[in-house]
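Going by this note's numbering, the first residue of the sequence shown is number 275, and it counts up by one from there.
The structure appears right after this line, and notes come after that.
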Amino acid sequence: MAVGRTFYQDSAEELRLLVTSDGLEPCGLMQAKRDKPDAATFIGSGKTEELGELAREAGADVIVFDIALSAGQQRNLARETNLPVMD
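What follows is the structure, given as structure tokens:
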């Protein structure tokens with residue numbers, strides 16, 4: 275790991291590269307940390323609402339997570355944000 279870079283910076287860069295390689299153009303990044311994943315949305319209802327607002331403001335067409343989501347979490351996030359969700 276390079277000096278001055280954190281795990282989150284490396285993870286964000288890796289996600290940016292993966293999204294770009296899939297033909298998508300990143301338009302924003304949201305980082306969140308939880309002690310325990312929320313069963314319904316992984317990130318919790320407050321962060322889900324914030325994510326939806328940020329995605330709409332950025333003009334996003336899809337939301338991409340860098341962690342595996344359950345089918346239910348993916349479906350709930352898509353329903354709450356009104357955007358497709360990929361993991």
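Even glycine gets a Cβ: it sits at the ideal position worked out from N, Cα and C.
On a predicted model such as this, the values are computed, not experimentally measured, just so you know.
Below 8 Å on the Cβ atoms is my contact criterion, and I expect residue i with residue j to pass it. Report the Cβ-Cβ distance as a whole number of Å.
{"i": "G302", "j": "L328", "result": "6 Å"}
{"i": "N365", "j": "G320", "result": "Residue coverage of the chain in this structure runs from 275 to 361, which leaves residue 365 outside it and unanswerable."}
Leaving out the 5 sequence neighbours to the left and right, which residues in its chain are closer than 6 Å to residue i when beta-carbon positions are compared?
{"i": "V338", "result": "V293 and M360"}
{"i": "A306", "result": "I317 and K321"}
{"i": "N350", "result": "A314 and T315"}
{"i": "A332", "result": "C301 and G302"}
In three-state terms, what does DSSP make of residue i?
{"i": "R290", "result": "helix"}
{"i": "E297", "result": "Correcting the residue type first, residue 297 is Gly in the shown sequence and not Glu. Coil."}
{"i": "S344", "result": "coil"}
{"i": "K321", "result": "helix"}
So if DSSP puts residue i in a beta bridge, which residue, or which two residues, is it bridged to?
{"i": "I337", "result": "V359"}
{"i": "D312", "result": "F316"}
For residue i, which residues from the same chain have a beta carbon less than 8 Å from its beta carbon, with the 5 sequence-adjacent residues on both sides left out?
{"i": "P358", "result": "D335, V336, I337 and A352"}
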